[in-house]
Structures are given as structure tokens and as C-alpha cells.
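Enquirer: In the working numbering, the protein residues as written are 526 to 740.
Cβ atoms here follow ideal geometry from the backbone N, Cα and C, with glycine treated the same way.
Keep in mind that this is a model prediction, so the values were computed, not measured.
Please see the structure below; I have some questions.
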């Protein structure tokens, strides 16, 4: 973790750390940015607030607050609260084809380190671009009370919409010129994840530490 200010609090069996301003987190293939993060060591809980963004592989998450839960030092789930959006760019040739899921809350679940489910609760909406195999390219947009996307060994296996499920289908010729016309209202996308930024800040901290040690 890199940040401007770091505080630690220890009370009986509790141990918490508060990171403030320009917080950058790197853990395995997960990166995150926020202006505030609280780490509850006992419960394995990271709470990011104040414009948090989380990147997981080719997916990024936006919400008013994001909680990362750890079990046995591995990520168990990521929970996004209020104005939540999960966006995934899988197609490196058609960069505008960004799959999206939005809702009041989004929960990302992992099983043995692999993505197992993305669940959107209340006012759920989704947009998926479908490359043509037996048919032409297309896009599908759905709205429902809740939407569950299930994965098997990292591959999408099932789409489930709960209550008042409404769907729209768009052949590729309807959005070829501008796929953004189909994007969900809450869409956000940040092209640069904080990998190199984090490394640079970490190296600067290490350089200052070594310099102070020599003095």
C-alpha cells in the first residue's frame, strides 16, 4: 500500500490501519485506488471510500464504497455499495466493446482464487457484446431486479435475471459506428491502472528509507 498518511490503531484484540489521500493498493492481480482505505486485520476486511476504483484482471469496479474481504489471506469477495458498476474489456481489437453490469450493489465472488460469480442487486442492468460465431456480431442489454453472472473455471457459464427481466437485442449494424450509444448510464472507464504508479511510489519510499538509514 502507498498513500500520503498512514495510521494504526490497536485495541485489545483489534488491529486497524487507516490509509488516507492518494491511496494505491496492489495485491496479486488486484489493484485499487481511493482517497481513504481502512484495513481491519482481524476480520480480513479492506474498506475503500472516497472515489474508489478496483481493477481485477480486465475488469474494473466503481462505486461509492468498495469492500474487499479476505479469507485465509486470499480474496473471498469484493462488495460494491451504491452506484455500482463492473466493466470488462475482453476484446483487444474492438476497444469499444466493454461489457457492463450496474446496480445499487454488486458482489464479485471467488472460489479457490478463480472468479465464480458477479451479482448485481436492485435496479440491475447489463450490457454484453457478443462476437459472432454461427451468427453476426451483436449486443444484448438487460434490466432486472437482480442479475447473476456465473462462471465455471473463469469462463461465463450462466446468465440469470430475477423479476421483471427485460431484454433488448442489437445486431452489429446498429452500433458499429459508435458502441457507446448502448452503454449503461453509470458507465465509467479508467484506461490506466495504477501498476507503474504504485511501483514508482514504492521505489521512492524505499529510496527515502535507505537515505534516512544512512544518515
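1) What are the boundary residues of the beta strand (DSSP E) that includes residue 605?
2) Exposed or buried, residue 567, counting other C-beta atoms within 10 Å across all chains shown (16 or more means buried)?
3) Give me the residue from 613, 606, 549 with the minimum Cα distance to residue 714.
4) Please classify residue 536 as buried or exposed, where buried requires at least 16 neighbouring CB atoms within 10 angstroms.
5) Relative to the C-alpha of residue 695, which candidate in 716, 676, 683, 661 has its C-alpha closest?
6) Please confirm if the segment 672–680 is in contact with the segment 635–650, defined as three or more CB-CB distances below 8 Å between the two stretches.
7) Where residue 627 and residue 540 are concerned, what is the direct C-alpha to C-alpha distance, given to the nearest angstrom?
8) What is the DSSP secondary structure of residue 710, counted as helix, strand or coil?
9) Please classify residue 698: does DSSP put it in a helix, a strand, or coil?
10) Residue 611: which of 630, 620, 563 sits nearest, CA to CA?
11) State the CB to CB distance for the pair residue 573 and residue 601, rounded to an integer number of angstroms; the pair is presumed to be in contact (CB under 8 Å).
12) I'd like the span of the beta strand (DSSP E) that includes residue 632, first residue to last.
13) Rounding to the nearest angstrom, what Cα-Cα distance links residue 681 and residue 543 in this structure?
14) Which parts of the segment 650–687 are runs of the beta strand (DSSP E), unbroken and 3 residues or longer, counting only runs that do not cross its ends?
15) For residue 761, which residues in the same chain have their Cβ closer than 8 Å to its Cβ, ignoring the five residues on either side in sequence?
16) Nearest CA to the CA of residue 717: which residue from 531, 530, 556, 538?
17) Should residue 669 go down as buried or exposed, given a rule of 16 or more other Cβ atoms within 10 Å for buried?
18) On the premise that residue 704 lies in contact with residue 621, defined as a C-beta separation below 8 Å, what is that separation, rounded to the nearest angstrom?
19) For residue 619, does the three-state DSSP call read helix, strand or coil?
20) List the whole-angstrom C-beta distance separating residue 575 from residue 588, where the pair is believed to meet the contact cut-off of C-beta under 8 Å.
21) Which term fits residue 577, buried or exposed, when burial requires 16 or more other beta carbons within 10 angstroms of its beta carbon?
Expert: Put simply:
1) Residue 605 sits at position 80 when you count from the first residue of the chain shown. Unbroken beta strand (DSSP E) run through residue 605: 599–613.
2) Your numbering for residue 567 matches position 42 in the chain shown. Label assigned to residue 567: exposed.
3) For the purposes of this step, residue 714 is identified with residue 189 of the chain shown, where counting begins at 1. For residue 714, the nearest C-alpha among the options comes from 613.
4) Position 11 of the chain shown, counting from 1, holds the residue named residue 536. Exposed, because fewer than 16 other Cβ atoms sit within 10 Å of the Cβ of residue 536.
5) Sequence index remark: in the chain shown, residue 695 carries index 170 (1-based). For the residues 716, 676, 683, 661, the minimum Cα distance to residue 695 belongs to 661.
6) yes
7) Here the question's residue 627 lines up with position 102 in the chain shown. Here the question's residue 540 lines up with position 15 in the chain shown. When rounded, the distance between both Cα atoms is 34 Å.
8) As a position in the chain shown, residue 710 is number 185, starting the count at 1. Coil, per DSSP.
9) Translated into positions along the chain shown, residue 698 becomes position 173. In the structure shown, residue 698 sits in a helix (DSSP, three-state: H, G or I).
10) Position 86 of the chain shown, counted from the start, is the residue given in the question as residue 611. Per the Cα distances, 630.
11) Taking the chain shown and counting its residues from 1, the one referred to as residue 573 is at position 48. Taking the chain shown and counting its residues from 1, the one referred to as residue 601 is at position 76. Going by Cβ atoms, the distance from residue 573 to residue 601 rounds to 16 Å, so no, they are not a contact pair.
12) Translated into the one-based positions of the chain shown, residue 632 becomes position 107. Run containing residue 632: 624–636, per the beta strand (DSSP E) assignment.
13) Residue 681 sits at position 156 when you count from the first residue of the chain shown. Residue 543 sits at position 18 when you count from the first residue of the chain shown. Straight-line Cα distance between these residues: approximately 36 Å.
14) 663–677, 680–687
15) The structure shown does not extend to residue 761, since the chain spans only 526 to 740, so no value can be given for it.
16) Here residue 717 corresponds to residue number 192 of the chain shown, with the count starting at 1. Minimum Cα distance to residue 717 is reached at 556.
17) Sequence index remark: in the chain shown, residue 669 carries index 144 (1-based). Residue 669 comes out buried.
18) Sequence index remark: in the chain shown, residue 621 carries index 96 (1-based). Sequence index remark: in the chain shown, residue 704 carries index 179 (1-based). With a Cβ gap of about 4 Å, residue 621 and residue 704 count as contacting.
19) For the purposes of this step, residue 619 is taken as the residue at position 94 of the chain shown. Of the three classes helix, strand and coil, the one that applies to residue 619 here is coil, per DSSP.
20) Residue mapping note: residue 575 aligns to position 50 of the chain shown, counting from 1. Residue mapping note: residue 588 aligns to position 63 of the chain shown, counting from 1. That pair is no contact at about 12 Å.
21) For the purposes of this step, residue 577 is taken as residue 52 along the chain shown, with counting starting at 1. Classification for residue 577: buried.
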